[in-house]
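For the sequence shown, UniProt numbering gives the first residue as 1, with consecutive numbering after it. Data first, discussion second: the structure below is written as structure tokens.
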Amino acid sequence: MAHYLTQGAVPPKRHTQHRTPEGALYYEELMGEEGFSSDSSLLYHRAIPSALAEVTAWDLGDALATTPNHPLKPRHLRLHDLFEVGDDGPADDHDVVTGRRLVLGNADVRISYVVANRPSPWYRNAIGDECLFVERGHARVETIFGAFELGPGDYLIIPRATTHRWLPRTPESDGYAEPLRVYAIEANSHITPPKRYLSRFGQLLEHAPYCERDLRLPAGPLLAEDIGADPAEPTEVHVKHRGNGPSGIVGSIHTLPQHPLDVVGWDGCLYPYAFNVADFEPITGRVHQPPPVHQVFEGQNFVICNFVPRKVDYHPLSIPVPYYHSNVDSDEIMFYVDGDYEARKGSGIGKGSISVHPGGHPHGPQPGAYEKSIGVTEFDELAVMVDTFRPLELGEGGAAADDGVYAWSWVGGRS
Numbered sequence: 001m002a003h004y005l006t007q008g009a010v011p012p013k014r015h016t017q018h019r020t021p022e023g024a025l026y027y028e029e030l031m032g033e034e035g036f037s038s039d040s041s042l043l044y045h046r047a048i049p050s051a052l053a054e055v056t057a058w059d060l061g062d063a064l065a066t067t068p069n070h071p072l073k074p075r076h077l078r079l080h081d082l083f084e085v086g087d088d089g090p091a092d093d094h095d096v097v098t099g100r101r102l103v104l105g106n107a108d109v110r111i112s113y114v115v116a117n118r119p120s121p122w123y124r125n126a127i128g129d130e131c132l133f134v135e136r137g138h139a140r141v142e143t144i145f146g147a148f149e150l151g152p153g154d155y156l157i158i159p160r161a162t163t164h165r166w167l168p169r170t171p172e173s174d175g176y177a178e179p180l181r182v183y184a185i186e187a188n189s190h191i192t193p194p195k196r197y198l199s200r201f202g203q204l205l206e207h208a209p210y211c212e213r214d215l216r217l218p219a220g221p222l223l224a225e226d227i228g229a230d231p232a233e234p235t236e237v238h239v240k241h242r243g244n245g246p247s248g249i250v251g252s253i254h255t256l257p258q259h260p261l262d263v264v265g266w267d268g269c270l271y272p273y274a275f276n277v278a279d280f281e282p283i284t285g286r287v288h289q290p291p292p293v294h295q296v297f298e299g300q301n302f303v304i305c306n307f308v309p310r311k312v313d314y315h316p317l318s319i320p321v322p323y324y325h326s327n328v329d330s331d332e333i334m335f336y337v338d339g340d341y342e343a344r345k346g347s348g349i350g351k352g353s354i355s356v357h358p359g360g361h362p363h364g365p366q367p368g369a370y371e372k373s374i375g376v377t378e379f380d381e382l383a384v385m386v387d388t389f390r391p392l393e394l395g396e397g398g399a400a401a402d403d404g405v406y407a408w409s410w411v412g413g414r415s
């Protein structure tokens, strides 16, 4: 996000002395993308940021292993079946980092789901940016740039290698009734607003469906003592990075000799930010608009779109639901969050569902939905879509959540 921001104590000139009140030097760290050729921020630490006390392996096991969607077919994945949740909350303890279950993945992006009720470890994804969508519940996210308070409908974009942790708001500690449900999109690249929304200098343009005013920035600086921690306390940070594991990914645990929240100030154009889906202004027209009008973010070889409540087509002969279409270049993954999705009525799909419409197979509304949509003036739906330009494979969570019958929903079920 090329939107300059400064927080805390920074020196007047970059790469110059910046000292503590006692006269010691702060340690300047450049956190930058594409070497030294793209967006970056300068962070000023109280301790040496590269210091390590210990390094051990973080065993990811086969959690990131995938199997092909073969034989090729559309699928309905019931994500709410992946975690047992009762009246008192989740039956088992999980956190947003280590509790994710992989639903779908390829060499560019991984889609996971988690219901979390305990704090995550400190975590750094060294492979790519993360886009996390809060389906339900509330959480505090603490990062080296500052903190966020998140609730339903919030996206959080976390740049690659940002140290952070998730703290769910629970009924016991905070009085929130619903458990934290998070839909995680992990890239092997950076995640940005679509290029067509941006000026050549990085400003969001007038035709973009959101602008800088809609972005929530980290509240910082955030130091160890601000959260009641000892600044000198050795702290473990889980690091996901490249290696010879499934999908080329392995994990390590770095024990830092001090607490990671030691940044007294920072400035630049690279930092995490939050955006609520309710601030997305839908683009509509006289006839049905194609999915790119719903785009909110993009990464290498994939895009993220959201479908929000909106008025629909106003041509007198319009058919508001999507026309049948073939994804000749992409897999289409729709996560149904809320409302009624007109095109999928009768298929069994509901809140917490994912539809998988793979490239090479035409898809569209369920039987009867095409005709029934005529005359509808607005849609009350909320969904997050990921379109990938390389085939997706099923993760362990995706295979476990498959209803096994969706492929035959256009003919009224399998005979």
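The beta-carbon is built from N, C-alpha and C at its ideal position, and this holds for glycine as well.
Boundaries of the beta strand (DSSP E) harbouring residue 240: 235-242, taken from the DSSP string. For the pair of segments examined, the stretch 290-302 was found to touch the stretch 106-115: the number of CB pairs separated by less than 8 Å reaches three. Between residue 352 and residue 399, the alpha-carbon positions lie close to 15 Å from each other.
Taking a contact as a CB-CB distance under 8 Å, the pair residue 31 and residue 161 counts as one, their CB atoms being some 7 Å apart.
Collapsing the DSSP output to three states places residue 390 in coil. Residue pairing from DSSP places residue 384 in a beta bridge opposite 306 and 335. Looking from the CA of residue 224, the closest CA among 242, 260 and 250 belongs to 260. Counting other Cβ atoms within 10 Å of its Cβ, residue 33 reaches 16 or more and is therefore classed as buried. With contacts defined as CB atoms closer than 8 Å, residue 188 and residue 251 fail to qualify as a contacting pair. Counting along the chain, no beta strand (DSSP E) covers residue 368, and no H or E run does either. When secondary structure is reduced to three states using DSSP, residue 177 falls in the coil class, being assigned neither helix nor strand. Nearest to residue 132 by alpha-carbon distance, out of 87, 145, 85 and 180, is 180. For the pair of segments examined, the stretch 68-80 was found not to touch the stretch 366-373: the number of CB pairs separated by less than 8 Å stays below three.
For residue 268, the uninterrupted beta strand (DSSP E) run begins and ends at 263-268, by DSSP. When secondary structure is reduced to three states using DSSP, residue 226 falls in the helix class. The Cβ atoms of residue 318 and residue 337 lie no closer than 8 Å to each other. Here residue 139 is buried. Its C-beta has 16 or more other C-beta atoms within 10 Å.
Residue burial annotation: residue 41 is buried, with at least 16 other C-beta atoms found within 10 angstroms of its C-beta. Under the three-state reduction of DSSP, residue 376 is assigned to coil, being neither helix nor strand. For residue 28, the uninterrupted beta strand (DSSP E) run begins and ends at 27-32, by DSSP. Straight through space, the alpha carbons of residue 281 and residue 101 are spaced by roughly 31 Å. For residue 201, the number of other beta carbons within 10 angstroms of its own is below 16, and it is reported as exposed. Boundaries of the alpha helix (DSSP H) around residue 400: 396-401. When 413, 143, 347 and 357 are compared, the shortest CA-CA separation from residue 226 is found for 143. Shown here, residue 195 sits in a helix according to DSSP, grouped into three states.
Here the alpha carbons of residue 292 and residue 159 stand approximately 24 Å from one another.
DSSP lists 240 as the beta-bridge partner residues of residue 125. Contact between the stretch 83-100 and the stretch 324-339 is absent: fewer than three C-beta pairs spanning the two stretches fall below 8 Å. Closest in alpha carbon position to residue 411, among 385, 365 and 196, is 365. Closest by C-alpha distance to residue 14, out of 26, 312, 122 and 315, is 26. A distance below 8 Å separates the beta carbons of residue 273 and residue 215. C-alpha of residue 166 to C-alpha of residue 157: approximately 13 Å in a straight line. Taking each of 349, 163, 236 and 253 in turn and checking the Cα distance to residue 58, the smallest one comes out for 253. Of all alpha-carbon atoms in 394, 408, 403 and 404, the one lying nearest the alpha-carbon of residue 103 is that of 394. In the DSSP assignment, residue 188 falls outside any beta strand (DSSP E) and carries neither an H nor an E.
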